[in-house]
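**Q**
2 protein chains.
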Amino acid sequence: MAGRETLEELVRLQGERVRGLKQQKASTEQIEEEVAKLLKLKAQLGPDEGKHKFVLKTPKGTRDYSPRQMAVREKVFDVIIGCFKRHGAEVIDTPVFELKETLTGKYGEDSKLIYDLKDQGGELLSLRYDLTVPFARYLAMNKLTNIKRYHIAKVYRRDNPAMTRGRYREFYQCDFDIAGQFDPMIPDAECLKIMCEILSSLQIGDFLVKVNDRRILDGLFAICGVPDTKFRTICSSVDKLDKMSWEEVKNEMVGEKGLAPEVADRIGDYVQQHGGVSLVEQLLQDPKLSQNKQALEGLGDLKLLFEYLTLFGVADKVSPFDAGALGLEDLEPHPELSLLLSPQISFDLSLARGLDYYTGVIYEAVLLQPPAQAGEEPLGVGSVAAGGRYDGLVGMFDPKGRKVPCVGLSIGVERIFSIVEQRLEALEEKVRTTETQVLVASAQKKLLEERLKLVSELWDAGIKAELLYKKNPKLLNQLQYCEEAGIPLVAIIGEQELKDGVVKLRSVTSREEVDVRREDLVEEIKRRTSQPSCTC
Amino acid sequence: MAGRETLEELVRLQGERVRGLKQQKASTEQIEEEVAKLLKLKAQLGPDEGKHKFVLKTPKGTRDYSPRQMAVREKVFDVIIGCFKRHGAEVIDTPVFELKETLTGKYGEDSKLIYDLKDQGGELLSLRYDLTVPFARYLAMNKLTNIKRYHIAKVYRRDNPAMTRGRYREFYQCDFDIAGQFDPMIPDAECLKIMCEILSSLQIGDFLVKVNDRRILDGLFAICGVPDTKFRTICSSVDKLDKMSWEEVKNEMVGEKGLAPEVADRIGDYVQQHGGVSLVEQLLQDPKLSQNKQALEGLGDLKLLFEYLTLFGVADKVSPFDAGALGLEDLEPHPELSLLLSPQISFDLSLARGLDYYTGVIYEAVLLQPPAQAGEEPLGVGSVAAGGRYDGLVGMFDPKGRKVPCVGLSIGVERIFSIVEQRLEALEEKVRTTETQVLVASAQKKLLEERLKLVSELWDAGIKAELLYKKNPKLLNQLQYCEEAGIPLVAIIGEQELKDGVVKLRSVTSREEVDVRREDLVEEIKRRTSQPSCTC
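So the protein lines, in turn, are chains H and F. Under my numbering, think of the first position of the first sequence as 1, with each following residue one higher. Under my numbering, think of the first position of the second sequence as 537, with each following residue one higher.
#1: Counting contacts by CB-CB distance shorter than 7 Å, is residue 782 of chain F in contact with chain H?
#2: Identify which residue in F/713, F/967, F/1010 has its Cα closest to the Cα of residue 940 of chain F.
#3: Would you call the region 57 to 72 of chain H in contact with the region 126 to 133 of chain H, where contact means no fewer than 3 C-beta pairs closer than 8 Å?
#4: Please determine, among F/847, F/627, F/769, the residue with the shortest C-alpha to C-alpha distance to residue 1073 of chain F.
#5: Fully enclosed by the region 195 to 278 of chain H, which alpha helix (DSSP H) runs are 4 residues long or longer?
#6: Mind checking who residue 517 of chain H pairs with in its DSSP beta bridge?
#7: Taking any Cβ of chain F, which residues in the region 170 to 190 of chain H have a Cβ under 7 Å from it, in chain order?
#8: According to the Cβ coordinates, are residue 492 of chain H and residue 441 of chain H closer than 7 Å?
#9: Across which residues does DSSP place residue 710 of chain F in a beta bridge pair?
#10: Helix, strand or coil for residue 493 of chain H? Go by DSSP, reduced to three states.
#11: By DSSP, does residue 628 of chain F sit in helix, in strand, or in coil?
#12: Return yes when the Cβ of residue 730 of chain F is within less than 7 Å of the Cβ of residue 710 of chain F, no when it is not.
#13: Taking the CB atoms as reference points, tell me whether residue 420 of chain H and residue 79 of chain H lie closer together than 7 Å.
#14: Measuring alpha carbon to alpha carbon, tell me which residue in H/413, H/387, H/107, H/96 is nearest residue 396 of chain H.
#15: In its own chain, which residues sit with a C-beta less than 6 Å from the C-beta of residue 1064 of chain F, not counting the 5 before and 5 after it?
#16: Mind checking whether residue 746 of chain F and residue 769 of chain F have CB atoms under 7 Å apart?
#17: With C-beta atoms as the reference, is residue 488 of chain F less than 7 Å away from residue 886 of chain F?
#18: I'd like to check one pair, residue 503 of chain H with residue 521 of chain H: are the Cβ atoms closer than 7 Å?
#19: Taking the alpha carbon of residue 760 of chain F as the reference point, which residue from F/844, F/822, F/1050 has its own alpha carbon closest?
#20: My guess is that residue 883 of chain F and residue 825 of chain F are in contact by the Cβ rule of under 8 Å, so how many angstroms apart are they, rounded?
#21: Cβ closer than 8 Å: which chain F residues qualify as neighbours of residue 89 of chain H?
#22: Which whole-angstrom value describes the C-beta separation of residue 1054 of chain F and residue 1037 of chain F, a residue pair presumed to lie in contact below a C-beta threshold of 8 Å?
#23: How do the region 196 to 208 of chain H and the region 1004 to 1022 of chain F stand: do at least 3 beta-carbon pairs fall below 8 Å, yes or no?
#24: Check residue 614 of chain F in the structure and name its three-state DSSP category.
#25: Any chance you could list the alpha helix (DSSP H) runs of at least 4 consecutive residues sitting entirely within the region 626 to 677 of chain F, in chain order?
#26: What are the boundary residues of the beta strand (DSSP E) that residue 363 of chain H is part of?
#27: Counting contacts by CB-CB distance shorter than 7 Å, is residue 1029 of chain F in contact with chain H?
#28: Measure from the alpha carbon of residue 77 of chain H to the alpha carbon of each residue in H/414, H/134, H/207, then state which is nearest.
#29: Would residue 937 of chain F be called buried (16 or more neighbouring beta carbons within 10 Å of its own) or exposed?
#30: How would you write the range of the alpha helix (DSSP H) that residue 831 of chain F sits in, first residue to last?
#31: Note down, in chain order, each residue of its chain lying with its Cβ closer than 7 Å to the Cβ of residue 1066 of chain F, except the 5 sequence neighbours on either side.
#32: Can you list the residues of chain H that residue 847 of chain F reaches, using a CB-CB cut of under 8 Å?
#33: What is the residue span of the beta strand (DSSP E) that residue 347 of chain H lies within?
#34: Compare the Cα-Cα distances from residue 408 of chain H to each of H/365, H/121, H/268, H/191 and report the closest residue.
#35: Residue 65 of chain H CB to nearest chain F CB: under 7 Å?
#36: Going by C-alpha to C-alpha distance, which of H/452, H/161, H/149, H/481 sits closest to residue 436 of chain H?
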């Protein structure tokens, strides 16, 4: 530090010399020389400690949305919201954080991923982990027993996400839920219908919806001889069957979790099955499973669910996924199969879903990977939507434990955003990020005031209009701006046009120009830019 | 605790007795008696300590949005976004939290209101305090020198808000900013035009836009003899002139902040003035102020600004606010004045704005309180929009300090939400919270499957449709549901309709029913519910 202090002292003295020279009105050369010495000394001191050095980044696991990414996001949200509204949903919103205790005991092991706020005095708060628990809190708090709502918002998980696959620490969920006591499986079927409608409309490729029921899994574990205390952990092993072979899963059950090998084998016989409604019927005849009350209820409901899904046109009467008909694990897309694959609901006994609060039917939609095109990055496949029935969650919040049965679904849009973004990039498709209809321009100088007057007239008439923020812009620059921003029209004024009471309206693509009477300009712009995409 | 332990032991023993009695196949009466004793003992123990007692609330300063409140929110956002798009803005989004150091040193004294996240390992994070600093970080990070964007998102301040006046700890900001090096005051004028367009469209009453310039204030302080070190604190005293009398403000300056009384008086002569462009011209002739370089620049720009605002139709050539013409502090709305008040831009030398980062023109829009109607709560008045020029903020993030001049505005929508909500309540206006066009119904039993088929047909054709989730709902209940939810049409099927290939289409308000051929149903529903409000 002594050396540094000496340097600092030198800088100070040198600085004083420069000021002294200035006062003596020394030659510029002399001053410059002294300033150079000063700067050299200052450089030796290293960066100024007082000045802050910023790390220019967003927090880990988060991202900004550029205008182009926002265009994708809005397109995807439009499809999703359109579907939610088609099914008569209302919309709610809740705060981004909740009292910490509201989230406590809802997510099992995943609770460690919750973001807590710093204790700055006052309440202890956490960022929401999903939209389901805040929804249940909302229902209990407002004593609602009956609502169909959607909620689109960001949720927060301190995960270690693979961002290339569209996984983040801050990410959107699009939730639709039906709360209330109704006749069995009607709302459940509607949730699955909605999931299929949205995934089809988004055109992100073939998908498969796996369906199961918590009660069937619990019943199955019971008849196979799994001890009660091991239900949850064995359940999470079963859930890995989409990524691991049965041998590996069995090893985990027996080796790590201490299950008897014959118990594991019995489980294996069941959970490796998947199919359509005929598998449900087959299991209803299963001598052991049909003796278990829970499993029987689950199977009965699934049978009804398939019936309703058939009426909704999203499950065939004879499913292509009937047990044995197809080996789903080696699914290779080929033309015939892709015909078979729509509609595509599969009863999959290995589907378990992590979250603690599910009580009945559960489901998950996965994208089926298309064959990787030459030179194309293979898209990350995996779950893009999921949900199920949770009849006990609202009761956890109600002071008297009153239950409100609920069923819902959540669309995981981040992965969908990346797929759509990647597709747009591959197509090198030009995405407009503004909706400007016309640029107010001039070829001559000194017409800023006239441009301001005209653009204001257009704004007041509801026309989307811009002008360059320059006093005397070149016409070429103005036309180039239109090309880059995709603005279709230019309204050009000059001395002559002003005298004649007209505006020269130019089409950017065809370069055609016509004189339009100023009083007709608004109508003409509206006529030329009316959107054929309007579906009202 | 000893007493409690004894009680617990009693409960345990009693429990064992009940189990023992059960094993002995004791009479139901005996068991019931023992169970009653058991329950009584348990009640004495008080609530189970292991069970969690929830506080059912949202965190302090936050709120849920009900479907009705969401309807208001969407209506307000539609107006604002429509205006932003009309002016050619792109849209971006940023994460809800930033690195803590990104926010450091940007908000002066207000920094204590920033929410920090708990240090759970990894980066130190804070919730965003506004959208301006994240915008500047975004520009610097992406090396952008030129963009016109809007951003609508929630921001977070650990304030003690008056929620009745629409102030919260979690609240929305709607920001529009223009970044880039342009000819003076053209983007600034557009920001004020946008502010006026939005506040007029929202129809929330008369408003006043106050305009000033940081350079005029700084110049004014300099010529009045305020020491450099006191500029900021004297600035914040001046800012209080909208709530306090000049005498009180002067007392603060002299008593608390140690300013010489004659210096304060000199300031007072200036900052109590407000008016239109003629006040600008008057001050340009002021012998002292016109000698100050900064003030001169500010006044020159304001003159230009008023010129452009006149061309935009939001400032009169002869402003009703010309100095002395009106005493604004005793503004009492009366018919004539309210004519004068539109358009309404006032050069107000007392406007100072808190945030550190402003460098040039600053502005703030306040609502002018309408006369309180009999029995009506007086609405909270105050700032509903604000903004200004901040040419130095992006440079604080750029490693090389490169400047990107910016100007922008922020609409404070929470207060607007409360005004619109209150107005709707006062009018007892029925707000629809869904868009459902038709309910699929039946008067007869056993037609669930047919209802499911029909509603699915409608969904697939893009019709917004619902059905009751009951196997055999009563027709009356179905009609009542339509009345409550504001659904205009009912599609009724019965045995006869199915046989005839028709659907009975009923108008809920007129109760008229007609048979429509099933293949014409979609077109007929579309025809009957086409929205005349569509402005495409």
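The beta-carbon is built from N, C-alpha and C at its ideal position, and this holds for glycine as well. Treat the numbers as computed from the prediction; the structure is a model and nothing was measured.
**A** The short version:
#1: For residue 782 of chain F, not one C-beta of chain H is nearer than 7 Å to its own C-beta.
#2: Residue F/713 is the option with its Cα nearest to residue 940 of chain F.
#3: Cβ pair count under 8 Å is below three, so no.
#4: In the structure as shown, chain F starts at 537 and stops at 1072, and residue 1073 of chain F therefore has no counterpart that could be examined.
#5: The region 195 to 278 of chain H contains these whole alpha helix (DSSP H) runs: 214 to 224, 231 to 238, 246 to 251, 261 to 271.
#6: Answer is H/502.
#7: Going along the region 170 to 190 of chain H in chain order, one finds 170, 182, 183, 186, 187 with a Cβ nearer than 7 Å to chain F.
#8: Going by C-beta atoms, residue 492 of chain H is nearer than 7 Å to residue 441 of chain H.
#9: DSSP, once it has assigned bridges, lists F/688, F/947 as partnering residue 710 of chain F.
#10: Strand.
#11: In this structure, residue 628 of chain F counts as coil in the three-state DSSP scheme.
#12: Judged by beta-carbon spacing, residue 730 of chain F lies beyond the 7 Å limit of residue 710 of chain F, meaning their Cβ atoms are not closer than that value.
#13: Not a contact, by the Cβ cut-off of 7 Å.
#14: Looking at the Cα atoms, H/107 is the closest of the given residues.
#15: By the criterion of a C-beta distance shorter than 6 Å, residue 1064 of chain F is surrounded by no residue of its chain, once the five residues flanking it on both sides are discounted.
#16: Result no, Cβ atoms of residue 746 of chain F and residue 769 of chain F do not sit closer than 7 Å.
#17: Any question about residue 488 of chain F goes unanswered here, given that chain F covers just 537 to 1072.
#18: Taking C-beta atoms as the reference points, residue 521 of chain H and residue 503 of chain H count as a pair closer than 7 Å.
#19: Out of F/844, F/822, F/1050, F/822 has the C-alpha closest to the C-alpha of residue 760 of chain F.
#20: Actually they are not in contact, since the Cβ atoms of residue 883 of chain F and residue 825 of chain F sit about 13 Å apart, beyond 8 Å.
#21: Going along chain F in sequence order, the residues near residue 89 of chain H (Cβ under 8 Å) are 970.
#22: Yes, residue 1054 of chain F and residue 1037 of chain F are in contact; Cβ-Cβ is about 5 Å, under 8 Å.
#23: No, because fewer than three Cβ pairs between the region 196 to 208 of chain H and the region 1004 to 1022 of chain F fall closer than 8 Å, the two stretches do not touch.
#24: Three-state DSSP puts residue 614 of chain F in a helix.
#25: DSSP runs (the alpha helix (DSSP H)) wholly in the region 626 to 677 of chain F: 636 to 639, 668 to 677.
#26: Taken as a continuous stretch (DSSP letters only), the beta strand (DSSP E) holding residue 363 of chain H covers 361 to 367.
#27: Any Cβ of chain H closer than 7 Å to the Cβ of residue 1029 of chain F would place that residue at the interface, and such an atom is absent.
#28: For the residues H/414, H/134, H/207, the minimum Cα distance to residue 77 of chain H belongs to H/414.
#29: So residue 937 of chain F ends up on the exposed side.
#30: From DSSP, the alpha helix (DSSP H) with residue 831 of chain F extends over 829 to 847.
#31: Excluding the 5 residues flanking it on each side, residue 1066 of chain F has no same chain C-beta neighbour closer than 7 Å.
#32: Residues of chain H passing the Cβ test: 449, 452, 453, 456.
#33: In this chain, the beta strand (DSSP E) harbouring residue 347 of chain H covers 345 to 348.
#34: Ranking the options by Cα distance to residue 408 of chain H, first place goes to H/191.
#35: The C-beta of residue 65 of chain H comes closer than 7 Å to at least one C-beta of chain F.
#36: The shortest C-alpha separation from residue 436 of chain H is found at H/481.
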